[in-house]
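Q:
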Amino acid sequence: MIAATAPVTARAALPANASHPGRHATMQDTPFLRFDGVTIRLGGREILSPTSFDVARGEFVCIVGPSGCGKTTLLRAASGLVTASAGEVRRNGVKMTEPSREVAFVFQDYGRALLPWRTVEGNVSLALEAAGVPAAQRAHRIADVLGKVGLAKHAHKFPVQLSGGMQQRAQIARCLAQKPELMMMDEPFGALDALTRQSLQDELARLVRDDGLTVLFVTHDLEEAIYLGDRVIALQANPGPGRPSLARMIDVKIPRPRNQLTTKEHPEYLQLRRELFAFIEQGHD
Amino acid sequence: MTDHRLLRWLRPWVFPAALVGVFEWYARRASALGSDALAPPSAAARAFVGAAMDGSLWQATGFTLGTAALGLLLGALLGIALGVVLGLSRRAAQLGSMSIEVLRPVPSVALIPLAMLGFGFGVRMELAIVAFATFWPLLVLVQSAVQQVEPRLLEVSRVLGLSARERAFKIVLPAIVPRLFVALRLGVAVALVVAVTVEIAANPNGMGYAMMIAQQSFDPALMLAWLGWIGVVGFAVNAVMLQLQRMVSRRMGVQP
Amino acid sequence: MKRGDERAAMNRLGSLGVLLALIALWWVASNAGWVSRVFLPTPQATFASLLEGLNLTGDSGNGELLAFTQATVGRMVEGWLLASLFGVLLGAAIGVSPSVRAWVQPTLEFIRPLPASALLPLAISIFGLNPGMVLFVVAFGAMWPVLLATVHGFAAVEPRLSEVARCLQMSRTAYIFKMGLPNAMPDILAGMRLALTIALIVAVVGEMIASQTGLGQAILLAARAFRASELFAGIVLLGLIGFASNALLAFAEKRLLRWQQPD
């Protein structure tokens, strides 16, 4: 199901009570996360034209697009790490200007986002320390979260002793320890090999489902976006009049739980894949 | 916009100017109270000009710089030569490692009395100590640089049948030039510091000695003038070497 | 891995052999009079002076060298500890704030190339010729490498980690102690190692010109009195101090920076 190409300023929101696989339907007037005319300018050029859409609680939204389309910057603006040049992002109706512990951010360069002088345990503990969790409770929560990502046996290792996939899991563990409402992920599996990527995708899907997390997931991998997401937002680079950044918004109506083998043969998957690929190819002319 | 640039240009001077100002005020008060330990920077500036006019500034500076340069030349030549040898031959490096470990930690100042004994006072004594002090860092850095020469290039030299001498001069030395300049920059810094230190400790020549004499003659203004001048010379020499090193790195296509 | 161990042992042996050969060369040069014994004492005379001075001989060794060594090492360590403490405190204060850095850094860069010993005349002027004066210059001179290294360590925090700190809403104090300081640790330790060499040098020079008890004064007097074996004994001791202090610090560095080794 492909939604019509969103015009420049119209709100591309889905009604809160639409039946939608994987979403916890909530009857709210204020959407959980609202992007309202978010614009990003860099060096005088407009990288991202005014973009608006809503994200409901529990949704897994994937953002795809070629390099330079502003997807990473959009994510960073949404988490408060940078301020948008125009427009605002509102979480629960409140404008987001500064990072908050309730919005976890998973960086692509996991190696640089982990403290090299602390063990895996110590890195996860950092999130708890920052939140003021009393020392007595920390051990239990750390063990809990490490168990979820499958790093229980490596708790005492330093990042330098871990493989890429394990380091990324450690970062995800730290983010989970924040007990966030919203998780931002910036191409988290981009630097990993294909097999690790696949297993982490499934682990992530399971974690998100178990904890009911809302996720904004940026990736350049179209297949990954369709596989993981409830919705895929496709951005295009070099926006201009009549050519907005937000080019396509697609609902992914494939049932969950998904599977690396069977889902990728599902007719809906194949159709979406074809359409997204075609769209990206158009964009390259 | 020009306001902004002017501000940026002036900013490095604000903090030191403030310090000098405080010092000036404090030193004037102190000498008004009869202390002859300190002098205000203004008096030091006057003393500096005096020394510049009567030639003593240039003579002492020339001695220190000249001796440091000669010592560096000697230490660097020996250090580079041995560094290349040890870098190219793993065996030689292993054989020499213990001797180096034993001799290197000796502080160069410990050899001042020995140099005094052997050479008396003057250029040779200071030169010898500077040479000793600069020999080690250059040896270690050049050895490491040679060990990191792209092995492919050394294989090429074997295939082409270059002699050991040709290999050293045509492949190894050009390959290590950027790192060599980093090492030389360090060597210059060490040479200058050691030279001044030797003059303060023993050698009756050069900037360090001039400063000591000023202090012993209860001429704090001149002493401070020398202290400031030593700082300026050190800074200038290091800045020039940094520029040189960057230029060379860029010419040789290396990240500075 | 027995062959590897064997080869390593052979290498150590060969290395030792070269060292012994050099000592043998020394032995021949001095005993045969190639170099006058006024400048180059024989190894055996040096060794005898060492034993005597350290009070290790049975008879009336005056044991002065031991006292001198203690004095010099004491000065060096005290000054170094003070230097490290103040260097880290000041360096952290400056390094944490980009604006403070911007104002102060150029001045720091000017002081960096200044020889620490150059402050001795000024200190003598102010404090006079006493042990406190030497300690002051040792501490002040050795402080700069630690201060500069700390500033650099704090300034160069991986930007990604700073973002993580923002995402976790870490307080300023938490940031300093949990990110700034550990991140600066490798730099600080390297700075402390450099500070130790400077501390030794300034201690020795200070003793020489301020006539303070210690190895510096001892070797100066030995040279003036043409007592070459005592001079060499002193030099050997200073070399040992340099070696031991560096080795200890390198060991501590390795332990503290375990997290850097992928083993």
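Residue numbers (my numbering), protein chains in the order written: chain R, 1 to 285; chain Y, 1001 to 1256; chain S, 2001 to 2263. For each residue, glycine too, the CB sits at the ideal point set by N, CA and C. Every value quoted in this text rests on a predicted model; they were computed, and no experiment measured them.
1. Would you kindly check if the distance between the Cβ of Y:Pro-1151 and the Cβ of Y:Gly-1249 is under 7 Å?
2. Compare the C-beta of Y:Thr-1134 with all C-beta atoms of chain S and state if any pair is closer than 7 Å.
3. Excluding sequence positions up to five away, which residues of its chain have a Cβ less than 7 Å from the Cβ of S:Ile-2198?
4. Closest to Y:Gly-1208 by C-alpha separation, out of Y:Val-1233, Y:Val-1188, Y:Leu-1184, would be which residue?
5. Does any C-beta atom of chain S lie closer than 7 Å to the C-beta of R:Leu-33?
6. Using a Cβ-Cβ cut-off of less than 7 Å, give me the residues of the segment 2137–2167 of chain S that come near chain Y, in sequence order.
7. Does the Cβ-Cβ distance between R:Ser-245 and R:Leu-81 come in under 7 Å?
8. With DSSP as the reference, label S:Asn-2246 as helix, strand or coil.
9. In the segment 1225–1252 of chain Y, which residues sit with their C-beta less than 7 Å from some C-beta in chain S, listed in chain order?
10. Residues of the segment 2177–2196 of chain S in Cβ contact with chain R at a cutoff of 8 Å, in chain order, please.
11. Let me make sure I understand the geometry here. Which of S:Met-2192, S:Leu-2220, S:Ile-2176 has the alpha-carbon closest to that of S:Leu-2161?
12. Does the beta carbon of R:Ala-127 sit closer than 7 Å to a beta carbon anywhere in chain S?
13. Using 10 angstroms around the beta-carbon of R:Gly-132, count the other beta-carbons present and answer buried if the total reaches 16, otherwise exposed.
14. Taking any Cβ of chain S, which residues in the segment 1141–1164 of chain Y have a Cβ under 7 Å from it, in chain order?
15. Starting from the beta carbon of R:Pro-116, find every residue of chain S whose beta carbon is closer than 8 Å, and list them in chain order.
16. Using beta-carbon positions only, say whether S:Ile-2271 and Y:Ala-1110 come within less than 7 Å of one another.
17. Alpha carbon to alpha carbon, how far is R:Phe-217 from R:Ser-199? Give it in angstroms, no decimals.
18. Could you give the distance in angstroms between the alpha-carbon of S:Leu-2082 and the alpha-carbon of S:Arg-2075?
19. What number of angstroms, rounded off, separates the C-alpha of R:Leu-222 from the C-alpha of Y:Phe-1169?
20. At least one CB of chain S closer than 7 Å to the CB of R:Gly-160: is that the case?
21. Cutting at 6 Å between CB atoms, please list the residues of its own chain near Y:Ala-1047, excluding the five before and the five after it.
22. Applying a beta-carbon distance threshold of less than 7 Å, which residues of chain S neighbour R:Phe-105?
23. DSSP three-state label for R:Met-27, please.
24. With a threshold of 7 Å between beta-carbons, can R:Ala-139 be considered close to chain S, or not?
25. Anything in chain S within Cβ reach of Y:Gly-1118, meaning under 8 Å, just list it in chain order.
26. Which value, in whole angstroms, describes the spacing of the CA atoms of S:Val-2205 and S:Glu-2064?
27. S:Val-2028: buried (16+ other C-beta within 10 angstroms of its C-beta) or exposed?
28. If you run the structure through DSSP and keep just helix, strand and coil, what is R:Phe-189?
29. Please list the terminal residues of the continuous beta strand (DSSP E) segment that includes R:Ser-52.
30. Find the residues of chain R that neighbour S:Ala-2174, judging by a C-beta separation of less than 8 Å, and give them in chain order.
31. Just to confirm my understanding: we take S:Glu-2078, look at its own chain, exclude 5 residues before and 5 after, and list those with CB closer than 8 Å. What are they?
32. So for R:Arg-243, helix, strand or coil by DSSP?
A: By the coordinates alone:
1. Position 249 of the second sequence, counted from the start, is the residue given in the question as residue 1249 of chain Y. Position 151 of the second sequence, counted from the start, is the residue given in the question as residue 1151 of chain Y. The sequence given here places Ser at residue 1249 of chain Y; Gly does not occur at that position. No.
2. For the purposes of this step, residue 1134 of chain Y is taken as the residue at position 134 of the second sequence. Interface residue (Cβ-Cβ distance to chain S less than 7 Å): Y:Thr-1134 is not classified as such.
3. In the third sequence, residue 2198 of chain S corresponds to position 198, counting from 1. So the qualifying residues of the chain are Ala-2116, Gly-2141, Ala-2142, Pro-2145.
4. For the purposes of this step, residue 1208 of chain Y is taken as the residue at position 208 of the second sequence. Nearest of Y:Val-1233, Y:Val-1188, Y:Leu-1184 to Y:Gly-1208, Cα basis: Y:Val-1233.
5. On the first sequence, residue 33 of chain R is found 33 positions in, with the first residue counted as 1. False, the Cβ-Cβ gap to chain S never drops below 7 Å.
6. none
7. Position 245 of the first sequence, counted from the start, is the residue given in the question as residue 245 of chain R. Position 81 of the first sequence, counted from the start, is the residue given in the question as residue 81 of chain R. No, Cβ-Cβ distance for R:Ser-245 and R:Leu-81 is not below 7 Å.
8. Counting from one through the third sequence, the residue named residue 2246 of chain S turns up at place 246. In the structure shown, S:Asn-2246 sits in a helix (DSSP, three-state: H, G or I).
9. Only Leu-1227, Ile-1230, Gly-1231, Gly-1234, Phe-1235, Asn-1238 from the segment 1225–1252 of chain Y bring a Cβ to less than 7 Å from some Cβ of chain S.
10. Lys-2178, Met-2179, Pro-2182, Asn-2183, Met-2185
11. Position 161 of the third sequence, counted from the first residue, corresponds to residue 2161 of chain S. Put simply, of S:Met-2192, S:Leu-2220, S:Ile-2176 the residue whose alpha carbon is nearest the alpha carbon of S:Leu-2161 is S:Ile-2176.
12. Your numbering for residue 127 of chain R matches position 127 in the first sequence. Interface residue, yes.
13. Working through the first sequence from its first residue, we reach residue 132 of chain R at position 132. R:Gly-132 is exposed by the Cβ-count criterion.
14. none
15. Your numbering for residue 116 of chain R matches position 116 in the first sequence. Ordered by position in chain S, the residues that pass the 8 Å Cβ test against R:Pro-116 are Trp-2259, Gln-2260.
16. Chain S is shown from 2001 up to 2263; residue 2271 of chain S falls before or after that span and cannot be answered.
17. Walking along the first sequence from the start, residue 199 of chain R turns up at place 199. Walking along the first sequence from the start, residue 217 of chain R turns up at place 217. Each residue's alpha carbon lies about 16 Å from the other.
18. Taking the third sequence and counting its residues from 1, the one referred to as residue 2082 of chain S is at position 82. Taking the third sequence and counting its residues from 1, the one referred to as residue 2075 of chain S is at position 75. Taking the straight line from one Cα to the other gives about 11 Å.
19. Position 222 of the first sequence, counted from the start, is the residue given in the question as residue 222 of chain R. Position 169 of the second sequence, counted from the start, is the residue given in the question as residue 1169 of chain Y. Take the alpha-carbon of R:Leu-222 and the one of Y:Phe-1169: they are about 55 Å apart.
20. On the first sequence, position 160 is the one that residue 160 of chain R refers to. Contrary to the premise, residue 160 of chain R reads as Val rather than Gly in this sequence. True, the Cβ-Cβ gap to chain S drops below 7 Å.
21. The residue labelled residue 1047 of chain Y in the question sits at position 47 within the second sequence. Closer than 6 Å at the Cβ level, and outside the excluded window around Y:Ala-1047, lie Ala-1221, Leu-1222, Ala-1225.
22. In the first sequence, counting from the first residue as 1, residue 105 of chain R sits at position 105. Per Cβ cutoff of 7 Å: Cys-2167.
23. In the first sequence, residue 27 of chain R corresponds to position 27, counting from 1. Unreliable placement is indicated for R:Met-27, whose pLDDT of 48 sits below 50; no coordinate value is reported for it.
24. Along the first sequence, one-based indexing puts residue 139 of chain R at 139. Answer no: the Cβ-Cβ gap between R:Ala-139 and chain S never drops below 7 Å.
25. Against the second sequence, residue 1118 of chain Y aligns to sequence position 118. Neighbours of Y:Gly-1118 on chain S, chain order: Phe-2039.
26. If you number the third sequence from 1, residue 2205 of chain S lands on position 205. If you number the third sequence from 1, residue 2064 of chain S lands on position 64. Cα-Cα distance, rounded: 19 Å.
27. Here residue 2028 of chain S corresponds to residue number 28 of the third sequence, with the count starting at 1. By the neighbour-count rule (16 or more Cβ atoms within 10 Å), S:Val-2028 is not buried but exposed.
28. Looking up residue 189 of chain R in the first sequence gives position 189. DSSP places R:Phe-189 in coil when its eight states are reduced to three.
29. In the first sequence, residue 52 of chain R corresponds to position 52, counting from 1. 45–55 is the extent of the beta strand (DSSP E) around R:Ser-52.
30. As a first step, residue 2174 of chain S is located in the third sequence; it is residue number 174 there, counting from the start. Within 8 Å of the CB of S:Ala-2174, the CB atoms of chain R belong to Glu-129, Ala-130, in sequence order along the chain.
31. If you number the third sequence from 1, residue 2078 of chain S lands on position 78. Cβ neighbours of S:Glu-2078 beyond the five flanking positions: Leu-2135, Val-2138, Ala-2139.
32. Residue 243 of chain R sits at position 243 when you count from the first residue of the first sequence. Strand.
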